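Top line first, the protein sequences correspond to chains A and B.
Residue 90 in our numbering sits at position 83 of the first sequence, with consecutive numbering throughout.
Residue 119 in our numbering sits at position 82 of the second sequence, with consecutive numbering throughout.
To keep things clear, I will list the structure first and then write my remarks on it.
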Amino acid sequence: MSISLDEVRHVAKLARLELDETEILSLQGELNALLGHFADIQGIDVSGVAPTSHAVSLQNVWSEDAVGPCLPREKALKNSAMSKAGLFVVPQIIED
Amino acid sequence: MITQLSAAELAKKIASKEISCAEALDAHLDRIEKLDEQYGCFLAVDRERAYEDAKSAQAIVDRGEAGPLTGVPLAVKDNISTDGIETTCASKILKGYIPPFDATVVTKSKAAGMVILGKTNLDEFAMGTSTENSAYKITRNPWDTTRAPGGSSGGSAACVSAELAPLALGSDTGGSIRQPASLCGIVGFKPTYGRCSRYGLVAFGSSLDQIGPLTRTVEDAALLAEVTSGHDPMDSTSIEMAPISSANLKNGSLKGLKAALPKELFADAINSGVRAQIESAIEVLKNEGVEFTEVSIPSIEYGVTTYYIIAPAEASSNLARFDGIRYGPRSEGKGHINVVERTRAEGFGHEVKARIMIGTYALSAGYYDAFYLRAQQVRALMKQEFDKVYAEYDFILSPTSPVTAFKLGELVDDPLALKLLDFCTIPANMGGMPGISLNCGLAEGLPVGLQLLGAPLQDEKLLQIAYGVEQSLPNATQRPQIP
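Spelled out as structure tokens, the structure:
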């Protein structure tokens, strides 16, 4: 199991990371080293085993559908690099 | 000296008005000022706010309502949100971020009259085992300043070990509380997943992350766990149970307890100095009446691999929120996607990028079943095997880390070797069970951590056992030579 340079570029695109060629090369090496280990678990018999993500399984955790206090707008915007008129300013999403 | 007191002792002197809350704070702030340049534990110290907290704490004392930790200064790992105090996760992508709210554990600590001393250094987003992945500074081990404190809660562990804080909060995703506690010669406790609210903890691996205490005694760990745990509606994975009680901490006995020694946690990778200390601790505990049996938990062998699929997969999804739009610096670029790509490229350090990449790959089309789903199945197998052991034994004992504190820079270029060091601590996160590390002696002058694991939800029982172990081991609370 190994990952090609093109795959590294594709994954970087999916992960929204602009990587330079040096980083792409170094990440390819690191990912391949880890992937070598990933092969270890491919042979284990897990047939009929339900996947788990929690030590104590919780089901149907509901909360009241009630209006509670929320963050004031100016506090929510305070950490943004760009905000205007009570809104976050975002870069252009749909190009001309 | 005030800073040498345990949190429990300090709180007693505060409650009896022998020491004021301001004096307790002064002593620790002075020591931070004098020594933290050398150790590099803190990323932020907000003196003004701390004195305000101390004032509120003193009011509680003056009303005669002091609790077991009222007035005690608390250091908080910098991936835990603190209202009004910069919280960076040791990442450039959150430089300047001032949370508008407190994490639930911080709210609870303040309500108990604790004083927030400052924010401690960590591996960026808690990804690492040496604290060397911090974007801001190097933290040094108080036992030997040329060595790493472990990680990722390295700042929290080092500041408690160096007596810059009586106790601290950390987070543990694959061992990030227990391993630095081991390397710094203190106590580190990871509660059962779900007993401490994760609300306000910047998420790394959501199904693995758990907040917990780093302290110099087991009693302090139990007291801080009691203050910070309990059900929280703000965290849907939080368990509906009362807080972890410390009421019966000292009422247990080691006599007749059955302990399992999984041979996979005593693998060849355990360094001989570490092994010798653990074996002599086992001898001491045998004399106290603990019965030890070697067992086998074969799936432990797959723990590291499984962890390095699950944790990065969850991290790649959790870290998608850092795009420079709502918080953190924003890079220049052309259009939305390019701005986000550049912000993330410039804001994240190398290890974080590597884990986002591996996680994105493991979750991408065609690989999900082979990696993430399979890893969660192996995790279920692992849990089944542990449950069987807990049906017969009271606790599991092992080394916390296969090595003592390593030199700064020694492993920084070998990320895989660093990852393989986590094999003793990872199972507790996989199975959600509670785990605690305490010091059991020195190997070549460096502390060796003993790890105790208990069945899920048996946090009180595990702490009671740990207290008994601490009382039995002659070297459990020895301190480094510090100024």
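Ideal Cβ positions, reconstructed from N, Cα and C, are used throughout, including at glycine.
Only a predicted model underlies this, so the values are computations on that prediction, with no experimental measurement involved.
- Under the three-pair Cβ rule at 8 angstroms, the stretch 357-364 of chain B does not count as touching the stretch 313-333 of chain B.
- A direct Cα-Cα distance of roughly 45 angstroms separates B/Gly249 from A/Ile101.
- For B/Val113, the pairing in a beta bridge is given by DSSP as B/Lys156 and B/Leu206.
- Within the model, the alpha-carbon separation for B/Thr157 versus B/Pro270 is close to 27 angstroms.
- Within the same chain, Cβ atoms closer than 7 angstroms to the Cβ of B/Leu457 are found at Val341, the five residues on either side in sequence being excluded.
- For a cut-off of 8 angstroms, the C-beta gap from B/Met394 to A/Val18 is around 6 angstroms, short enough to register as a contact.
- For the stretch 52-82 of chain A, the residues whose beta carbon sits under 8 angstroms from a beta carbon of chain B are, in order, Val53, Val56, Ala57, Pro58, Thr59, Ser60, His61, Ala62, Val63, Leu65, Val68, Ser70, Leu78 and Lys82.
- Interface annotation, A/Glu28: not in contact with chain B, CB-CB separation never under 9 angstroms.
- At least one beta carbon of chain B lies nearer than 9 angstroms to the beta carbon of A/Lys85.
- Taken through DSSP and simplified to helix, strand or coil, B/Ser146 comes out as helix.
- For B/Glu331, the enclosing beta strand (DSSP E) starts and ends at Glu328 to Val332.
- By the criterion of a C-beta distance shorter than 7 angstroms, B/Phe443 is surrounded in its chain by Arg184 and Ala185, once the five residues flanking it on both sides are discounted.
- Taking the CA atoms as reference points, B/Leu487 sits about 24 angstroms from B/Thr265.
- By the Cβ test, the stretch 93-102 of chain B is not in contact with the stretch 162-179 of chain B, since fewer than three Cβ pairs between them sit closer than 8 angstroms.
- DSSP, read as helix, strand or coil, puts B/Arg379 in helix.
- Nearest to B/Thr252 by alpha-carbon distance, out of B/Leu204, B/Ile51, B/Ala297 and B/Cys221, is B/Leu204.
- Below the 9 angstroms Cβ cutoff, chain A contributes no neighbours of B/Tyr236, its closest Cβ being approximately 13 angstroms away.
- Non-local beta-carbon contacts of B/Leu47 in its own chain, meaning distances under 8 angstroms to residues more than five positions away in sequence, involve Ile39, Ile56, Ala61, Gly108, Val109 and Pro203 in chain order.
- Residues of chain A whose Cβ lies closer than 8 angstroms to the Cβ of B/Met164 do not exist, since the nearest Cβ in that chain is about 13 angstroms away.
- Against chain A, the CB of B/Asp139 has no partner CB under 9 angstroms away; the residue lies outside that interface.
- In the three-state reduction of the DSSP assignment, B/Pro250 falls in the strand class.
- Contact between the stretch 209-227 of chain B and the stretch 473-491 of chain B is present: three or more C-beta pairs spanning the two stretches fall below 8 angstroms.
- Around the Cβ of B/Asn324, a 10 Å sphere holds fewer than 16 other Cβ atoms; the residue is exposed.
- Residue-level contact by beta carbon fails for B/Asn170 and chain A, as no gap is shorter than 9 angstroms.
- Using a CB distance cut-off of 9 angstroms, B/Lys145 does not count as an interface residue toward chain A.
- Here the C-alpha atom of A/Thr59 lies approximately 9 angstroms from the C-alpha atom of B/Gly468.
- Judged by DSSP in its simplified three-state form, A/Asn39 adopts helix.
- Secondary structure of B/Phe408 (DSSP, three-state): helix.
- Any Cβ of chain B closer than 9 angstroms to the Cβ of A/Asp47 would place that residue at the interface, and such an atom is present.
- What A/Leu34 touches in chain B, judged by beta-carbon distance under 8 angstroms, is Lys390, Ala391 and Met394, going in chain order.
- C-alpha of B/Asn355 to C-alpha of A/Leu21: approximately 14 angstroms in a straight line.
- Membership of B/Gln488 in the beta strand (DSSP E) is indicated by the continuous run Leu483 to Leu490.
- In the DSSP assignment, B/Gly505 falls within the alpha helix (DSSP H) that extends over Asp496 to Ser509.
- In this structure, DSSP gives B/Arg367 a state outside helix and strand, which the three-state scheme calls coil.
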